[in-house]
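Student: Protein chains in written order, with the numbering used here: chain A, 1 to 101; chain B, 1 to 101. Every residue, glycine too, gets a C-beta built ideally from N, C-alpha and C.
Number of protein chains: 2
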Amino acid sequence: MLDIVKEEPGIGVGALASSFDVSRIAVMKHLTVLEGANLIVSEKDGRTRRLYFNAAPIQMIHDRWTTDYSAYWAGQLTRIKYLAEAREEQNKTKKGKSKND
Amino acid sequence: MLDIVKEEPGIGVGALASSFDVSRIAVMKHLTVLEGANLIVSEKDGRTRRLYFNAAPIQMIHDRWTTDYSAYWAGQLTRIKYLAEAREEQNKTKKGKSKND
DNA sequence: TCGACATGTAACTAATAGGTTACATATAAA
DNA sequence: TTTATATGTAACCTATTAGTTACATGTCGA
């Protein structure tokens with residue numbers, strides 16, 4: 001839904017709904033959630049409600065969770081990398097024989 | 001929940017649950033959702049399951065929705081993500097039943 | 001003014017989420 | 001070996017969501 005709204009800024013509710021197999025009302029319910037999260041903002045243009053993608057909340061979440069990004073991120077990637085390597089090690093061990101731990 | 005896990009990398013499930021008014025099982029249900037989204041990754045340490053915050057999905061969403069994806073970064077993150085997912089998948093499989101592949 | 005178009009609201013049903021308690025299993029400590 | 005600790009699973013109940021159809025309201029075009 002966000003893909004479509006981003007690709008076609010100003011698209012109407014009905015036009016957006018036509019891209020899905022569910023009813024227009026179902027799409028409107030999803031829209032309400034996305035508007036509540038400020039990911040989509042709208043403005044009335046006659047009888048059409050025009051929809052626009054809003055990246056601000058994603059930017060805010062990114063800023064919040066990646067503050068001190070370089071240092072933290074490097075550490076996190078390293079940790080995940082080690083977890084993955086440990087998994088591969090264990091995988092080799094299990095294939096060799098029945099698990100013994 | 002993410003705040004706590006980020007502040008205390010390696011925290012156990014029970015310790016995390018003690019910060020909330022709901023039961024440990026309720027917290028575990030939320031954890032399952034966060035792990036499914038790869039926002040939290042875990043590793044077993046004896047009888048304790050240690051939890052770690054993973055900013056990668058947020059970075060990926062940010063990259064997707066706010067800038068063009070850099071080929072290098074996408075490849076790097078995706079590779080590590082798949083490794084972590086594979087580890088989690090195996091972890092689930094081991095705990096779910098005695099799968100012997 | 002009337003018909004067409006676009007959207008909004010209400011009421012309903014089915015499915016899912018959220019939380020609980022009880023019990024089981026694995027691991028560490030005594 | 002036994003007890004304690006940490007976690008996982010199952011079954012249950014309640015609240016909320018997801019989707020539907022029908023109808024209402026607002027705006028534009030003829």
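Does the Cβ of F53 (chain A) have 16 or more other Cβ atoms within 10 Å, making it buried, or fewer, making it exposed?
Tutor: Residue 53 (chain A) sits at position 53 when you count from the first residue of the first sequence. So F53 (chain A) ends up on the buried side.
Student: So, with DSSP's three-state summary, where would you put R64 (chain A)?
Tutor: Sequence index remark: in the first sequence, residue 64 (chain A) carries index 64 (1-based). Reduced to three states, the DSSP call for R64 (chain A) is helix.
Student: Would the segment 54 to 61 of chain A and the segment 23 to 40 of chain A be scored as touching if the rule is three or more Cβ pairs under 8 angstroms?
Tutor: Contact between the segment 54 to 61 of chain A and the segment 23 to 40 of chain A is present, because at least three Cβ pairs lie under 8 angstroms.
Student: Which of helix, strand or coil does DSSP assign to T78 (chain B)?
Tutor: Position 78 of the second sequence holds residue 78 (chain B). Low per-residue confidence applies at T78 (chain B): pLDDT is 49, beneath 50, and the placement is therefore not dependable, though the value from the model is reported in the following sentence. DSSP places T78 (chain B) in helix when its eight states are reduced to three.
Student: Per DSSP, which one or two residues make a beta bridge with L51 (chain A)?
Tutor: In the first sequence, counting from the first residue as 1, residue 51 (chain A) sits at position 51. BP columns for L51 (chain A) point to A:I11 and A:S42.
Student: Taking the straight line between their C-alpha atoms, what separation do you get for R50 (chain A) and V5 (chain A)?
Tutor: Here the question's residue 50 (chain A) lines up with position 50 in the first sequence. Here the question's residue 5 (chain A) lines up with position 5 in the first sequence. Roughly 10 angstroms between the two C-alpha positions.
Student: Could one say the Cβ of I11 (chain A) lies closer than 8 angstroms to chain B's Cβ atoms, at least one of them?
Tutor: In the first sequence, counting from the first residue as 1, residue 11 (chain A) sits at position 11. No, no contact with chain B.
Student: Should L16 (chain A) and V27 (chain A) be called a contact, given that it needs their Cβ atoms to be closer than 8 angstroms?
Tutor: To locate residue 16 (chain A), count along the first sequence from 1; it is residue 16. To locate residue 27 (chain A), count along the first sequence from 1; it is residue 27. Yes. Within cutoff.
Student: Would you say I61 (chain A) lies against chain B (beta-carbon separation less than 8 angstroms)?
Tutor: Position 61 of the first sequence, counting from 1, holds the residue named residue 61 (chain A). For I61 (chain A), the answer is yes, since a Cβ of chain B falls inside 8 angstroms of its Cβ.
Student: According to DSSP, is M28 (chain A) helix, strand or coil?
Tutor: Taking the first sequence and counting its residues from 1, one reaches residue 28 (chain A) at position 28. If DSSP states are grouped into helix, strand and coil, M28 (chain A) belongs with the helices.
Student: Here's a check: name, in chain order, each residue in its chain whose Cβ is nearer than 6 angstroms to the Cβ of E7 (chain B), leaving out the five neighbours to either side.
Tutor: Mapped onto the second sequence, residue 7 (chain B) falls at position 7. The answer is none, since no qualifying residue turns up.
Student: Run down chain B in chain order and give the residues with a C-beta less than 8 angstroms from the C-beta of A55 (chain A).
Tutor: Here residue 55 (chain A) is taken as the residue at index 55 of the first sequence, counted from 1. Result: W65 and T66.
Student: Consider the Cβ of A17 (chain B): report whether some Cβ of chain A lies at a distance smaller than 8 angstroms.
Tutor: Counting from one through the second sequence, the residue named residue 17 (chain B) turns up at place 17. False, the Cβ-Cβ gap to chain A never drops below 8 angstroms.
Student: Residues in its own chain within less than 6 angstroms of E43 (chain A) by CB, not counting five upstream and five downstream?
Tutor: Along the first sequence, read from residue 1 onward, the residue named residue 43 (chain A) stands at position 43. If we look at E43 (chain A) and ignore the five residues flanking it on each side, its Cβ neighbours are R50.
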